[in-house]
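Heads up: the protein sequence lines correspond to chains A and B, in order. All residue numbers for the first sequence refer to our numbering, where the first residue is 3 and numbers rise by one. All residue numbers for the second sequence refer to our numbering, where the first residue is 236 and numbers rise by one. Glycine included, every Cβ here is placed at the ideal spot set by N, Cα and C. Notes for the one structure printed next.
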Amino acid sequence: MAGFVLRRSLQALLVLWVMSFVIYGLIGLMPGDPLDVMIASNPGATPEVVAHLRAIYGLDQPMPVRYWHWLLDALHGDFGFSRTHSEPVLTVLAPALAQTCKLMLISFGLSVVLAFGLGVAAARKPGGWVDGFVSLFAFAGISVPVFWLALILIIVFAVQLHWLPASGMGTVGDNGFIDQLRHLTLPVLTLTLASTGQFTRYVRAAMIETMRMDFIRTARAKGLGEGRLVLRHALRNALIPVVTIMALSFGTLFSGALVTETMFAQWGMGKMIYDAILANDYNLALVGLLFATLVTLLSNLAADLAYGWLDPRISLK
Amino acid sequence: MTALDMAPPSVQQAQSVWRLRWKRFRGHRTGMIALGVLVLLVLFTLAAGPLAALWGIDPDSTDLLSRYDPPSADHWLGMDDAGRDELLRLMYGGQISLLVGLVSTLIGGVAGLGIGLSAGYYGGRLDALLMRFTDGMIALPLLPLLIVFGAVDLTKLGFSSEFAHSGAAGFWRVVVIIAVVDWTQMARLVRAATLSLKERDYVLAAKASGASPLYVMAAHILPNVATPIIVAGTLTVGRVILLESVLSFLGFGIVPPTPSWGNMLNNAQELVTTAPALAVYPGLFIFITVIAVNFIGDGLQHAFDPRSSR
Numbered sequence: 003m004a005g006f007v008l009r010r011s012l013q014a015l016l017v018l019w020v021m022s023f024v025i026y027g028l029i030g031l032m033p034g035d036p037l038d039v040m041i042a043s044n045p046g047a048t049p050e051v052v053a054h055l056r057a058i059y060g061l062d063q064p065m066p067v068r069y070w071h072w073l074l075d076a077l078h079g080d081f082g083f084s085r086t087h088s089e090p091v092l093t094v095l096a097p098a099l100a101q102t103c104k105l106m107l108i109s110f111g112l113s114v115v116l117a118f119g120l121g122v123a124a125a126r127k128p129g130g131w132v133d134g135f136v137s138l139f140a141f142a143g144i145s146v147p148v149f150w151l152a153l154i155l156i157i158v159f160a161v162q163l164h165w166l167p168a169s170g171m172g173t174v175g176d177n178g179f180i181d182q183l184r185h186l187t188l189p190v191l192t193l194t195l196a197s198t199g200q201f202t203r204y205v206r207a208a209m210i211e212t213m214r215m216d217f218i219r220t221a222r223a224k225g226l227g228e229g230r231l232v233l234r235h236a237l238r239n240a241l242i243p244v245v246t247i248m249a250l251s252f253g254t255l256f257s258g259a260l261v262t263e264t265m266f267a268q269w270g271m272g273k274m275i276y277d278a279i280l281a282n283d284y285n286l287a288l289v290g291l292l293f294a295t296l297v298t299l300l301s302n303l304a305a306d307l308a309y310g311w312l313d314p315r316i317s318l319k
Numbered sequence: 236m237t238a239l240d241m242a243p244p245s246v247q248q249a250q251s252v253w254r255l256r257w258k259r260f261r262g263h264r265t266g267m268i269a270l271g272v273l274v275l276l277v278l279f280t281l282a283a284g285p286l287a288a289l290w291g292i293d294p295d296s297t298d299l300l301s302r303y304d305p306p307s308a309d310h311w312l313g314m315d316d317a318g319r320d321e322l323l324r325l326m327y328g329g330q331i332s333l334l335v336g337l338v339s340t341l342i343g344g345v346a347g348l349g350i351g352l353s354a355g356y357y358g359g360r361l362d363a364l365l366m367r368f369t370d371g372m373i374a375l376p377l378l379p380l381l382i383v384f385g386a387v388d389l390t391k392l393g394f395s396s397e398f399a400h401s402g403a404a405g406f407w408r409v410v411v412i413i414a415v416v417d418w419t420q421m422a423r424l425v426r427a428a429t430l431s432l433k434e435r436d437y438v439l440a441a442k443a444s445g446a447s448p449l450y451v452m453a454a455h456i457l458p459n460v461a462t463p464i465i466v467a468g469t470l471t472v473g474r475v476i477l478l479e480s481v482l483s484f485l486g487f488g489i490v491p492p493t494p495s496w497g498n499m500l501n502n503a504q505e506l507v508t509t510a511p512a513l514a515v516y517p518g519l520f521i522f523i524t525v526i527a528v529n530f531i532g533d534g535l536q537h538a539f540d541p542r543s544s545r
C-alpha cells in the first residue's frame, strides 16, 4: 500500500516534470517575449540596451538552458513574478486556487448527489419513462456547451428575471455571506448541470449491472424490501466503479471551471490561466498550468486509493 | 424428392453482419431520430452557398448601419453585430464546426489506432512506454493546455506570417491541436482489443505461416476492432465539436471573419443585453448537433452489441 502510494507519487512527479518542460517550451512560442512590454514602454531603449537587458534576464540563452535556470529557481520555491499583477506568482495564485477549489468542490458534491438520485431512479426500471427522462437529461448534460449553458442562465436569471448577479464574486462594499452566495449560485449551477450528465450515466450503468447479479436475486427471493435491497445491497456494490470514475473526472471538471469562471468573472485558477495567457504573463500561466496538472494528478491518485479502499478484493501493489 | 428440396431457397441465406447491425440500429428509436436530425443539419449547413447565391447576399459583407437588425423578410434571423445575415453565418459556421469535428476525429483516431495497435501487438517495453505516455496525457487538464496550444505564435515555428494569419492556418491549427490531445481513448480501446485478439488461434496460425506483423494487424486485427472504433469515433466527433466551440468562443480557435458556431458567440457579453436571440442560436446548433451525435453513438453501441436487447 505504502509502496503503491510512493510509486504513484513518483510517477505523478515525473509527469509534472515532463509537463513543466513542455509548457515552458510552449509558452516560449507564444507571441512576444517577456521584455517587449518593458521595451515598448520605454522609447529611449537603444538596441544595445535591449541586448543588455536580454543578457541580464538570460533571454539570449537557448530554451533548455533557460528552462534549467527556471527549474532550479522553482525547486527553491521561487516561481518568479507575475508581470500583470506585479506580485510574486504564488501570492497571485493562492486566492485563485482557493476560489476554484470552492467552486469545484461544491459543484462536484452537488452533481454526485444528483447523479446518484437520478441514476438509481432510472435503473429501477430500465426502459421505463423515468429512465427515458433521466437518459435524456444525461445526454443533454454531456452534449451542452458549458459556455452556452452559462449564457442561457445569465439571460434567464440575471438579464430577464434580475434574480441573481451575472458576474463577479461580490458587490463592492457588501461582503456578506449571502451576497457571496448569490454570486456563487449561477457558476455552481452551471458547473453542476454540466457534470451531472456524465455522472448519472455512470451510476445508471453500474446500478443496472449490479441489479442483474445473483446476490440481488437471492436477496429478493428471501423477501427483502425493495428500498433496502437497492440502498444496502445494490448501491454499495455499484459504488465501487462509480466513485473511481467520478474522481477521475475531476480533471474534466477543471476545464469546466475555466469556462465557468471566465463567463461569470470569478477570480479562480481557470480565469487566472486564461487571463495570463491572453496577457502574455509567462510566469503566471506556467505555474497556473502546473498547479492545474498537479490537482488533476492528485485526484487520479485519490481515485486509485479510493478504489482499493472500497473494494478489498483489489490489492494495490 | 425430399421435403428439404422443396423449401424456398434464399430463406436461410446468411445475412451479412453489417446488414443485421443496420437492422438493429433501425430498431433503435432515438438513434434513428438522431440520424435524421443530423442529416437535416448537414443539409442545412450545405444550403449556405446556394441560398447566398439565390438571395444575392454576401455573407461576409458588413453593414454597420444594420447592426442587430431584427428578423425581416430578407434576413430571416436578422443581422449580427457587424450587420451580416445571421442565418447564412449560422450555415457557414456549421460547415466549419462539423468539418473540424470530422477531420480532427479522423486524425486523432488514426493516431490512437496506431498507438493502440502497436502497444497491444508488440507488448513489452513499447507497450509500457506508450501506455504511461497515454496515462500522462489523460491526466492533463485539457482545456488550459489547448488554450496554450492555441496561443502559440506560428511564425515562431517557422511559418510565414502570411500563412499564420490566414483562415486556413486557423482551421488547421484547431484541427491539429484537438487531434494532439484527443487520441487517448481510442488508443486504450484498440490496445485492449488487440491484446485479446493477438492470442487467438487464427492470428497465431497466420503468424506461424510467416505473415508479417503489419499484415496480421491489417488483415486480422483491424477488422475485428472496427466495431469499438466506430462507436468511440462517433462519440469523439461530439466531444471534438464541443472543444472546437469553446476554443473558438474563448478566441483561441477558428478566427473571425471565418464563422464557426463557437466564435459567433465571441461578444456574448454584449449580446445577452442587446440581442439575446443571437446568443441563443449558435449554441443551440452546437447542442443539437452534439446530442444527435451522442444518440447515434448510443444507437450504434446497441446495434453492435449482440448481448444488448431492447
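Could you give the DSSP three-state label for residue i: helix, strand or coil?
i              : result
F83 (chain A)  : strand
L215 (chain A) : The sequence shown places Met at residue 215 (chain A), not Leu. In the structure shown, M215 (chain A) sits in coil (DSSP, three-state: anything other than H, G, I, E or B).
E479 (chain B) : helix
P305 (chain B) : coil
P147 (chain A) : coil
D306 (chain A) : helix
D362 (chain B) : helix
D533 (chain B) : helix
M32 (chain A)  : coil
E434 (chain B) : coil
G329 (chain B) : helix
D370 (chain B) : helix
P511 (chain B) : helix
W311 (chain A) : helix
Apart from the five residues just before and just after residue i, which ones in its own chain have a Cβ nearer than 7 Å to its Cβ?
i              : result
G34 (chain A)  : N282
K127 (chain A) : D133
A288 (chain B) : none
Y327 (chain B) : A283, P294, P494
Which value, in whole angstroms, describes the spacing of the CA atoms of residue i and residue j?
i              : j              : result
P167 (chain A) : D362 (chain B) : 52 Å
W150 (chain A) : L449 (chain B) : 46 Å
L12 (chain A)  : V409 (chain B) : 33 Å
L377 (chain B) : A386 (chain B) : 14 Å
C103 (chain A) : R254 (chain B) : 51 Å
V158 (chain A) : V472 (chain B) : 30 Å
L322 (chain B) : F118 (chain A) : 41 Å
P243 (chain A) : S483 (chain B) : 35 Å
V528 (chain B) : G518 (chain B) : 15 Å
M21 (chain A)  : L77 (chain A)  : 15 Å
D216 (chain A) : T524 (chain B) : 40 Å
A140 (chain A) : F398 (chain B) : 42 Å
F522 (chain B) : A240 (chain A) : 30 Å
W290 (chain B) : L186 (chain A) : 47 Å
F279 (chain B) : S495 (chain B) : 14 Å
L430 (chain B) : M265 (chain A) : 44 Å
V515 (chain B) : L15 (chain A)  : 43 Å
L303 (chain A) : T194 (chain A) : 23 Å
Taking C-beta pairs closer than 8 Å, name the residues in chain E that residue i reaches, listed in chain order.
i              : result
T508 (chain B) : In the displayed structure, chain E is absent; the protein chains listed are A and B.
For residue i, go through chain A and note every residue whose CB falls closer than 9 Å to its CB, in chain order.
i              : result
S480 (chain B) : P147, F149, W150
L430 (chain B) : Within 9 Å Cβ-Cβ: nothing; L430 (chain B) doesn't reach chain A, min ~20 Å.
L276 (chain B) : Going along chain A, no residue has its Cβ under 9 Å from L276 (chain B), so there is no contact; the nearest lies around 13 Å.
N529 (chain B) : F141, I144, S145
In its own chain, which residues sit with a C-beta less than 8 Å from the C-beta of residue i, not counting the 5 before and 5 after it?
i              : result
L285 (chain A) : As written in the sequence, residue 285 (chain A) is Asn, which differs from the Leu given in the question. Counting only Cβ-Cβ distances below 8 Å, and skipping sequence neighbours, we find F81, G82, F83, S84, R85, V91.
Looking only at its own chain, which residues have a Cβ that is under 6 Å from the Cβ of residue i, when we skip the five neighbours before and after it?
i              : result
T419 (chain B) : T369, M372, I373
L365 (chain B) : I350, A354
Q182 (chain A) : G172
Quick one: which chain B residues come within Cβ less than 9 Å of residue i?
i              : result
G253 (chain A) : I373, A374, L375, P376, L377
Y309 (chain A) : In chain order: nothing, as chain B lies at least about 15 Å away.
Given that residue i touches chain B, what residues does it touch there, using C-beta distances under 8 Å?
i              : result
T298 (chain A) : A374, L375, P376
A294 (chain A) : P376, P379
I157 (chain A) : V507, P511, A514, V515
L291 (chain A) : P376, P379, L380, V383
Anything in chain A within Cβ reach of residue i, meaning under 7 Å, just list it in chain order.
i              : result
A386 (chain B) : M32, I279
F398 (chain B) : By Cβ distance, chain A contributes nothing, its closest Cβ being about 15 Å from F398 (chain B), past 7 Å.
Quiz item: What residues in the region 358-375 of chain B bring their beta carbon closer than 7 Å to a beta carbon of chain A?
Solution: Within the region 358-375 of chain B, the residues whose Cβ lies closer than 7 Å to some Cβ of chain A are G371, A374, L375, listed in chain order.
Practice problem: Determine which residues of the region 110-128 of chain A have a Cβ less than 9 Å from any Cβ of chain B, and write them out in chain order. | Solution: Near chain B, meaning a CB-to-CB distance below 9 Å, the residues of the region 110-128 of chain A are P128.
Quiz item: What residues in the region 202-221 of chain A have a beta carbon less than 7 Å from any beta carbon of chain B?
Solution: For the region 202-221 of chain A, no residue has a beta-carbon sitting nearer than 7 Å to a beta-carbon of chain B.
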